[in-house]
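Residue numbers (the numbering used here), protein chains in the order written: chain A, 273 to 455; chain B, 273 to 455.
Heads up: the structure comes next, in structure tokens.
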DNA sequence: ACGCCAAATGTGAGTGACTCACATTCGAGC
DNA sequence: GCTCGAATGTGAGTCACTCACATTTGGCGT
């Protein structure tokens, strides 16, 4: 739905940069969408044409299909929970964000604000559904599939938001989280 | 912070009833706080004196200490994830709302709205912290403790919001979810 | 280079959640 | 009944977000 032309891409980039900048300097809540827009050289209206909510500037995650595929590729005779766990571990390499620095800034901003944490959970709901659907297609009961996906995703999200050691890369934190779930 | 006198308790009850009523009939988003307040015979201002946000009318969970205690009571030599899982299963009996038709209404309203689901997660964050703190006190690394708590809570929340069979009681749904995590 | 035209952006007005400073009313105890 | 504090009301304001409509701009073919 947001604009996609090269010009629009540039505008979008300026908005993200301006937003991260202001959020880091003066906090998320203390920053208005109008300020972000002005710093990016546009109006509030344009801000909302590119992002449906203020949250959306820092919350995004287009990894759903990759992860769901990786889960589907795990042995079908494993219990669903273990299948999701291994699938997410396997997908880690592909999802690894090359341009880690922006991702790190986003994680830091999100971790500092409860409302943003909630927004992240809302966003992961679509990933949860994608994983669950894949399992259901293999005959796993819907409830079991949803629960397994939610547990693994919840663990990863919690790990990312709780991480304190800045030297460990994001992927390492996630891997560690999934290993904690190994019984 | 909200008022606590008998009179205020009655007002609070009227607000909850009016809110559930309107949310069920015309949807959460389509209902304004002013409408809820009016239906409860009160002004919007008073609504916000009793509930910090519109969400708060349907989202609450005062179970933290009970669950954390139950987790702490599990054998210390278990891996943290298994300890949380068994602790939550053990706490189920105590937390089980005996008569709660209101709880069922709330779950239904929340399940129907993405923003409310996010709000629930925000609320469970304090429970997550309570459980994690208990494990950390026994020497479990913070990251591992947080991840274990988040996985189990995420699983339970997902199960409650995904449940379709209205005949199964809430406690049964949660028990089933925790069993899915048994490896 | 030039101009066309759709896509991108701006304007202005509006709604709803939430807040604050201050005035008013109600109800439990004397 | 009266009083004092808690509970509620008033009015005005901020900010996220939306809509209908006017305007500009950049990528495209020629």
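For glycine and all other residues, C-beta sits at the position ideal for the given N, C-alpha and C.
- Query: Along chain A, which residues have their Cβ under 8 Å away from the Cβ of residue 278 (chain B)?
  - Reply: For the purposes of this step, residue 278 (chain B) is taken as the residue at position 6 of the second chain. Close partners of residue 278 (chain B) in chain A (Cβ separation under 8 Å) are lacking, with about 32 Å as the shortest Cβ gap.
- Message: Taking 9 Å as the threshold (beta carbon to beta carbon), is residue 411 (chain A) in contact with chain B?
- Response: For this step, residue 411 (chain A) is matched to residue 139 along the first chain. Residue-level contact check: residue 411 (chain A) does not touch chain B, since none of the beta carbons of chain B fall below 9 Å from its beta carbon.
- For the 8 Å Cβ check, are there 3 or more pairs between the region 311 to 320 of chain B and the region 382 to 393 of chain B? Contact annotation: the region 311 to 320 of chain B does not touch the region 382 to 393 of chain B, with fewer than three C-beta pairs closer than 8 Å.
- Is there a Cβ from chain B that is less than 9 Å from the Cβ of residue 426 (chain A)? Residue mapping note: residue 426 (chain A) aligns to position 154 of the first chain, counting from 1. Chain B contact via Cβ: present.
- Task: Please look up how many angstroms separate the CB atoms of residue 430 (chain A) and residue 329 (chain B), rounded, as I've assumed it's under 8 Å.
- Result: Counting from one through the first chain, the residue named residue 430 (chain A) turns up at place 158. Counting from one through the second chain, the residue named residue 329 (chain B) turns up at place 57. That pair is no contact at about 27 Å.
- Task: Determine the direct distance from the alpha carbon of residue 352 (chain B) to that of residue 412 (chain B), and round the result to whole angstroms.
- Result: Taking the first residue of the second chain as position 1, residue 412 (chain B) is located at position 140. Taking the first residue of the second chain as position 1, residue 352 (chain B) is located at position 80. The straight-line gap from Cα to Cα measures roughly 7 Å.
- Task: Could you run through the region 326 to 360 of chain A and flag, in chain order, every residue whose CB is less than 8 Å away from some CB of chain B?
- Result: Residues of the region 326 to 360 of chain A with a Cβ closer than 8 Å to any Cβ of chain B, in chain order: 351, 352, 353 and 354.
- Could you tell me how far apart the beta carbons of residue 415 (chain B) and residue 327 (chain B) are, in whole angstroms, since I believe they sit closer than 8 Å? Translated into the one-based positions of the second chain, residue 415 (chain B) becomes position 143. Translated into the one-based positions of the second chain, residue 327 (chain B) becomes position 55. Going by Cβ atoms, the distance from residue 415 (chain B) to residue 327 (chain B) rounds to 29 Å, so no, they are not a contact pair.
- Message: List, in chain order, every chain B residue whose beta-carbon is nearer than 9 Å to that of residue 394 (chain A).
- Response: For the purposes of this step, residue 394 (chain A) is identified with residue 122 of the first chain, where counting begins at 1. For residue 394 (chain A), the residues of chain B that pass the 9 Å Cβ criterion are 386, 387, 389, 390 and 393, in the order they occur in the chain.
- Thinking just about the alpha-carbon of each residue, which of B:306, B:443, B:308 and B:300 is nearest to the one in residue 364 (chain B)? Here residue 364 (chain B) corresponds to residue number 92 of the second chain, with the count starting at 1. Nearest C-alpha to residue 364 (chain B): B:443.
- Message: Measuring alpha carbon to alpha carbon, tell me which residue in A:278, A:406, A:324 and A:378 is nearest residue 296 (chain A).
- Response: Working through the first chain from its first residue, we reach residue 296 (chain A) at position 24. If we check each option's Cα against that of residue 296 (chain A), A:378 comes out closest.
- Query: The alpha helix (DSSP H) with residue 453 (chain A) in it runs from where to where?
  - Reply: In the first chain, counting from the first residue as 1, residue 453 (chain A) sits at position 181. No residue range can be given for residue 453 (chain A), since it is assigned to no alpha helix (DSSP H) and is classified by DSSP as neither H nor E.
- List the endpoints of the continuous alpha helix (DSSP H) containing residue 438 (chain A). As a first step, residue 438 (chain A) is located in the first chain; it is residue number 166 there, counting from the start. DSSP places residue 438 (chain A) outside any alpha helix (DSSP H), giving it a letter other than H or E.
- Query: So, is residue 409 (chain A) buried or exposed, given that buried needs 16 or more other C-beta atoms within 10 angstroms?
  - Reply: Translated into the one-based positions of the first chain, residue 409 (chain A) becomes position 137. Looking at its Cβ environment, which holds fewer than 16 other Cβ atoms inside 10 Å, residue 409 (chain A) is exposed.
- Rounded C-alpha distance that separates residue 285 (chain B) from residue 333 (chain B): Against the second chain, residue 285 (chain B) aligns to sequence position 13. Against the second chain, residue 333 (chain B) aligns to sequence position 61. Cα to Cα, residue 285 (chain B) sits roughly 16 Å from residue 333 (chain B).
- Item | Residue from A:398, A:359 and A:355 whose Cα sits closest to the Cα of residue 455 (chain B) | Here residue 455 (chain B) refers to the residue found at position 183 when the second chain is read from its first residue. Answer by Cα proximity: A:355.
- For residue 422 (chain A) and chain B, any beta-carbon pair shorter than 9 Å? If you number the first chain from 1, residue 422 (chain A) lands on position 150. It does: the Cβ of residue 422 (chain A) has a partner Cβ on chain B nearer than 9 Å.
- Query: From what residue to what residue does the alpha helix (DSSP H) around residue 411 (chain A) run?
  - Reply: Along the first chain, one-based indexing puts residue 411 (chain A) at 139. Counting along the chain, no alpha helix (DSSP H) covers residue 411 (chain A), and no H or E run does either.
- In whole angstroms, what is the alpha-carbon distance linking residue 448 (chain B) and residue 307 (chain A)? Your numbering for residue 448 (chain B) matches position 176 in the second chain. Your numbering for residue 307 (chain A) matches position 35 in the first chain. Separation of residue 448 (chain B) and residue 307 (chain A) (C-alpha to C-alpha, rounded to the nearest whole angstrom) is 48 Å.
- Query: Using the beta-carbon count (16 or more within 10 Å), is residue 452 (chain B) buried or exposed?
  - Reply: On the second chain, residue 452 (chain B) is found 180 positions in, with the first residue counted as 1. Within a 10 Å sphere around the beta-carbon of residue 452 (chain B) sit 16 or more other beta-carbons, which makes this residue buried.
- Query: Would residue 294 (chain A) count as contacting chain B if we go by Cβ distances under 9 Å?
  - Reply: To locate residue 294 (chain A), count along the first chain from 1; it is residue 22. Not a single C-beta of chain B is nearer than 9 Å to the C-beta of residue 294 (chain A).
- Task: Please report how far the alpha carbon of residue 474 (chain B) lies from the alpha carbon of residue 407 (chain A), in whole angstroms.
- Result: In this structure chain B extends from 273 to 455, so residue 474 (chain B) is not present and cannot be described.
- Query: Run through DSSP, which three-state label would residue 330 (chain B) get?
  - Reply: Reading the second chain from its first residue, position 58 is the one you call residue 330 (chain B). In the three-state scheme derived from DSSP, where H, G and I count as helix and E and B as strand, residue 330 (chain B) is classed as coil.
- Query: Around the Cβ of residue 313 (chain B), are there at least 16 other Cβ atoms within 10 angstroms (buried) or fewer (exposed)?
  - Reply: For the purposes of this step, residue 313 (chain B) is identified with residue 41 of the second chain, where counting begins at 1. Around the C-beta of residue 313 (chain B), fewer than 16 other C-beta atoms lie within 10 Å, and the residue is accordingly described as exposed.
- Query: Are the C-beta atoms of residue 363 (chain B) and some chain A residue less than 9 Å apart?
  - Reply: Against the second chain, residue 363 (chain B) aligns to sequence position 91. With respect to chain A, the C-beta atom of residue 363 (chain B) has no partner C-beta closer than 9 Å.
- Query: Can you round the beta-carbon distance between residue 391 (chain B) and residue 403 (chain B) to whole angstroms, since I take them to be within the 8 Å contact cut?
  - Reply: Residue numbering aside, residue 391 (chain B) sits at position 119 when the second chain is read from its first letter. Residue numbering aside, residue 403 (chain B) sits at position 131 when the second chain is read from its first letter. The C-beta distance from residue 391 (chain B) to residue 403 (chain B) rounds to 20 Å, too long to fall under 8 Å, and the pair is not in contact.
- Query: What is the rounded straight-line gap between the Cα of residue 282 (chain B) and the Cα of residue 311 (chain B)?
  - Reply: Against the second chain, residue 282 (chain B) aligns to sequence position 10. Against the second chain, residue 311 (chain B) aligns to sequence position 39. Approximately 14 Å, taken between the alpha carbons.
- Query: For residue 362 (chain B), which of B:278, B:345 and B:386 has the nearest alpha-carbon?
  - Reply: Translated into the one-based positions of the second chain, residue 362 (chain B) becomes position 90. Here the closest residue by C-alpha is B:345.
- Message: Once DSSP output is grouped into helix, strand and coil, what is the label at residue 418 (chain B)?
- Response: Residue 418 (chain B) sits at position 146 when you count from the first residue of the second chain. If DSSP states are grouped into helix, strand and coil, residue 418 (chain B) belongs with the helices.
- Assign residue 440 (chain B) to buried or exposed, taking buried as 16 or more other Cβ atoms, counted over all protein chains shown, within 10 Å of its Cβ. As a working mapping, residue 440 (chain B) is identified with position 168 in the second chain. Counting Cβ neighbours within 10 Å, residue 440 (chain B) comes out exposed, since fewer than 16 surround it.
- Select from A:437, A:274 and A:337 the residue whose C-alpha is nearest the C-alpha of residue 401 (chain A). Reading the first chain from its first residue, position 129 is the one you call residue 401 (chain A). Nearest C-alpha to residue 401 (chain A): A:337.
- Backbone CA spacing between residue 300 (chain A) and residue 323 (chain B) [nearest angstrom]: The residue given as residue 300 (chain A) occupies position 28 in the first chain. The residue given as residue 323 (chain B) occupies position 51 in the second chain. Answer to the nearest angstrom: the Cα atoms are 23 Å apart.
- Query: For the putative contact between residue 386 (chain B) and residue 397 (chain A), defined by C-beta atoms under 8 Å, what is the C-beta separation to the nearest angstrom?
  - Reply: Here residue 386 (chain B) corresponds to residue number 114 of the second chain, with the count starting at 1. Here residue 397 (chain A) corresponds to residue number 125 of the first chain, with the count starting at 1. Here residue 386 (chain B) really is in contact with residue 397 (chain A); their C-beta atoms are around 7 Å apart, less than 8 Å.
- Item | residue 425 (chain B) versus residue 399 (chain B) - alpha carbon distance | For the purposes of this step, residue 425 (chain B) is taken as residue 153 along the second chain, with counting starting at 1. For the purposes of this step, residue 399 (chain B) is taken as residue 127 along the second chain, with counting starting at 1. Answer to the nearest angstrom: the Cα atoms are 8 Å apart.
- Message: Please return the same chain residues whose Cβ sits closer than 8 Å to the Cβ of residue 347 (chain B), not counting the five positions on each side in sequence.
- Response: In the second chain, the residue the question calls residue 347 (chain B) occupies position 75. 355, listed in sequence order.
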